[in-house]
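In my numbering, the protein residues as written are 278 to 623. The C-beta atom is built at its ideal place from N, Cα and C for all residues, glycine as well. Okay, structure first, notes after.
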Amino acid sequence: MAVPLMDFGTEVASTKSQVLMDAVTKTSVLVLGPWVIGAFADVLLQGILLAQFASYFRWYRDDAVGLKAVVIGLVILTCLKTLQSCAIVWIQNVIFFGDQQGAILLSYTTWWQSGNPLMVAFIGLYVQLYFLHRLRIISKSWLVTIPIGIIQIFAFVSIVIGTIFIAKAENTKIANWFAAHLSSVFAGDMLMTIAMIYFLLKTKKTVLPQTVGMITALIRLTLSSAAPAAICAMINLVLSQVYVGTDNLMSTAFNQALPKLYAVSMMYVLNSRRDLRMSNGRSGGITSSTSNHQMANRRTGAPDPERGLTGITVHTETQNHIDFRNAFDPSVSKSPEEGKESFFKS
278 MAVPLMDFGT EVASTKSQVL MDAVTKTSVL VLGPWVIGAF ADVLLQGILL
328 AQFASYFRWY RDDAVGLKAV VIGLVILTCL KTLQSCAIVW IQNVIFFGDQ
378 QGAILLSYTT WWQSGNPLMV AFIGLYVQLY FLHRLRIISK SWLVTIPIGI
428 IQIFAFVSIV IGTIFIAKAE NTKIANWFAA HLSSVFAGDM LMTIAMIYFL
478 LKTKKTVLPQ TVGMITALIR LTLSSAAPAA ICAMINLVLS QVYVGTDNLM
528 STAFNQALPK LYAVSMMYVL NSRRDLRMSN GRSGGITSST SNHQMANRRT
578 GAPDPERGLT GITVHTETQN HIDFRNAFDP SVSKSPEEGK ESFFKS
């Protein structure tokens, strides 16, 4: 039986329309979808950060002014990043509704979207500088921190160059510099974590038995705080190299979450000081009743959850107190009277 020519033509047109619709849907899912997922992750993690910020300013009112300023800077940066993520999704899906190609080209034609990787990297570098400071205190050596710092700076410079090529839409060079950036970030994270654990384990062999539990807790804290951001950076690196080009941007979802994971990691470390004290039977310091323990604390240096392993002030009265306050500020050297007042404030 012959098929009518009109029906055949309608069937062909319908097939072409379906193929075109499938292509449009696939592009929306793989190119625009990751921005939406990333924005959801950004907002979720920002909610966690707001709770962490509130806890910090409630529990650590006596922290050094410099440390408070660093936290305030992180508050501003993360809030601005959340606004930027929401703005991207709004512009793509509301203002450019029905104009898929125009929404895709925003990644190359607008500063707030083409500059997104640079914003992500800046927050990451901001947090990494804090952890570098912490590593220097634990290791007591610039020779350990400087090489890792160079890697982190190289990572930031790489993303600056990559962002320049985004504006020029040179995809091959973008992929190369993004690979350099993400691999450097991942390498820097791993080296920093390994170095911290190494020096904590090294110190664990020289401290008094009653302080071993504190160092063990610091090692667990280092691993648990570094793991989420390191895993996200690794997935981001893999996806960015597996899907090179403009037809699949799944790595964008992880890239949007990465700076907030770094910020959560930093605030988790800062806010864990209170729990470390409580779990090790300290309300604000370590107490010992013999002069032998006083001399031993001076020689070995009990671990400090606020800044690492230094910044301990020993007070000789009827008992010996090791003060934990203002421990992130290496310039602070309290007198016994000041330390005593700070101890009772905690």
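Distance, residue j Cα to residue i Cα
i	j	result
Leu-468	Ile-425	7 Å
Ala-510	Phe-442	21 Å
Ile-400	Tyr-539	8 Å
Thr-386	Val-342	41 Å
Ile-415	Ile-474	10 Å
Ala-318	Thr-483	43 Å
Val-348	Phe-374	38 Å
Gln-369	Asp-376	9 Å
Pro-505	Lys-537	10 Å
Leu-274	Gly-350	Limits of the chain in this structure are 278 at one end and 623 at the other, which puts residue 274 out of reach.
Ile-508	Gly-379	33 Å
Asn-525	Leu-357	26 Å
Beta-carbon proximity of residue i to residue j, cut-off 7 Å
i	j	result
Val-489	Lys-481	yes
Leu-495	Thr-440	no
Trp-454	Ile-471	no
Ser-461	Ile-428	yes
Thr-422	Arg-413	yes
Asn-513	Ser-501	no
Ser-435	Ala-464	no
Ile-381	Val-308	yes
Ser-549	Leu-477	no
Phe-433	Leu-409	no
Thr-355	Leu-326	yes
Leu-516	Tyr-333	no
Buried/exposed call for residue i, threshold 16 Cβ in 10 Å
i	result
Trp-367	exposed
Val-519	exposed
Ile-372	exposed
Asp-339	exposed
Lys-417	exposed
Thr-397	For the sequence presented, residue 397 should be read as Val rather than Thr. It counts as buried.
Ile-599	For Ile-599, the pLDDT reaches just 38, beneath the cut-off of 50, and the residue's location in the model is therefore unreliable, leaving the point undetermined.
Ile-353	exposed
Ala-328	exposed
Val-306	exposed
Arg-335	exposed
Tyr-346	Going by the sequence as given, residue 346 is Ala instead of Tyr. Flag for Ala-346 reads exposed.
Pro-486	exposed
Closest by C-alpha distance to residue i, when choosing among the options
i	options	result
Leu-406	Ser-332, Asp-466, Trp-336	Asp-466
Ala-530	Leu-354, Gly-315, Val-421	Gly-315
Leu-535	Leu-459, Ile-451, Leu-553	Leu-459
Val-320	Val-348, Thr-359, Val-308	Thr-359
Pro-311	Leu-553, Trp-389, Ser-362	Ser-362
Gln-243	Met-555, Arg-554, Arg-551, Ser-542	With the chain covering only 278 through 623, there is no way to say anything about residue 243.
Val-404	Asn-370, Met-544, Ala-331	Met-544
Lys-445	Trp-388, Asp-376, Leu-326	Trp-388
Ile-451	Ser-391, Thr-493, Val-313	Ser-391
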